[in-house]
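K.L.:
Numbering (the UniProt record's numbering), first residue to last: 1 to 171.
Each residue gets a CB set at the ideal place from its N, CA and C atoms; glycine is no exception.
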Ligand SMILES: [Zn+2]
Ligand SMILES: [Zn+2]
C-alpha cells in the first residue's frame with residue numbers, strides 16, 4: 001500500500017475531458033504555416049474557445065430544444081466564422097457575401113447555406129433588389145421577386161405579406 005498524491009486523483013477525474021478536447025481539436029485543423037511561433041498558440045486558443053462554445057451550445061440546446069438536432073462541430077465553426085466576418089459589416093468587409101462575378105441576372109444553381117442569425121438580424125445593409133421570382137425563404141409557400149443582397153434569399157414584400165421584415169426581425 002502506498003499513499004496516492006492528490007494530483008493523481010485530479011488527473012484521473014479530468015483526463016477524459018482533456019483527451020476529448022485533443023481529439024476534437026485534431027479534427028479540423030487550420031491548415032497554415034507560420035514562422036512566428038506564437039501564432040500557433042493564438043490559433044490553438046481560438047480552437048479551444050470554439051470547441052468549448054460548441055460544447056456549451058449543445059448542452060443549452062438539449063435543455064431548451066431537446067428535439068432539435070445540434071449543428072456538427074464543423075458547421076458550428078463555419079457559422080462562428082461567418083458571424084465574425086459578416087455580422088454588423090457592410091458587404092465590402094471580409095469575404096464578399098454575393099458572388100464576385102455578379103452579373104445582372106447571375107445563375108444561382110448552387111444552394112447557398114443560410115447565414116447565422118447574428119448576420120441575418122444585424123440590421124445593416126440588407127438591401128432589397130428585384131430578381132426573377134423564386135420561393136420565399138421565410139414563408140416558403142409563396143414566390144417572391146424581392147431578394148436580400150446580404151442574406152442571398154428571396155422574400156415576399158407586397159401588399160399582403162412582408163416576409164422581408166419578418167425574416168430580418170430580431171424577435
Ligand atoms: Zn414569404
Ligand atoms: Zn438580409
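(1) As a quick exercise: from 47, 150 and 144, pick the residue whose alpha carbon is nearest that of residue 113.
(2) Would you kindly work out how many angstroms separate the C-alpha atoms of residue 79 and residue 54, rounded to a whole number?
(3) Would you kindly work out how many angstroms separate the C-alpha atoms of residue 67 and residue 58, rounded to a whole number?
(4) For the alpha helix (DSSP H) that contains residue 8, what are its first and last residues?
(5) Figure out for me which residue from 2, 72, 36 and 158 has the closest Cα to the Cα of residue 128.
(6) Alpha carbons only, please: which of 131, 43 and 118 is nearest the one belonging to residue 85?
(7) Return helix, strand or coil for residue 139, following the three-state DSSP convention.
(8) DSSP has residue 128 in a bridge; who is on the other side?
(9) For the alpha helix (DSSP H) that residue 77 lies in, which residues bound it at each end?
(10) Taking the alpha helix (DSSP H) that residue 53 belongs to, which residues open and close that run?
(11) How would you label residue 44, buried or exposed, when you count the other beta carbons within 10 angstroms and need 16 or more for buried?
(12) Does DSSP put residue 120 in a helix, in a strand, or in coil?
(13) Going by Cα to Cα distance, which pick from 138, 152 and 42 is closest to residue 172?
(14) Taking Cβ to Cβ, would you say residue 168 is nearer than 8 Å to residue 126?
P.N.:
On the basis of the supplied data:
(1) It is 150 whose Cα lies nearest to the Cα of residue 113.
(2) In a straight line, the C-alpha of residue 79 is about 11 Å away from that of residue 54.
(3) Distance between the alpha carbons of residue 67 and residue 58 is about 12 Å.
(4) Unbroken alpha helix (DSSP H) run through residue 8: 6-27.
(5) The residue with the shortest Cα to Cα distance from residue 128 is 158.
(6) Minimum Cα distance to residue 85 is reached at 118.
(7) It is coil, neither helix nor strand.
(8) Per DSSP, 148.
(9) Under the DSSP assignment, residue 77 falls in the alpha helix (DSSP H) whose first and last residues are 73-86.
(10) In this chain, the alpha helix (DSSP H) harbouring residue 53 covers 37-64.
(11) Classification for residue 44: exposed.
(12) Three-state DSSP puts residue 120 in a helix.
(13) Past the edges of the chain, shown from 1 to 171, lies residue 172, and the structure says nothing about it.
(14) A contact, by the Cβ cut-off of 8 Å.
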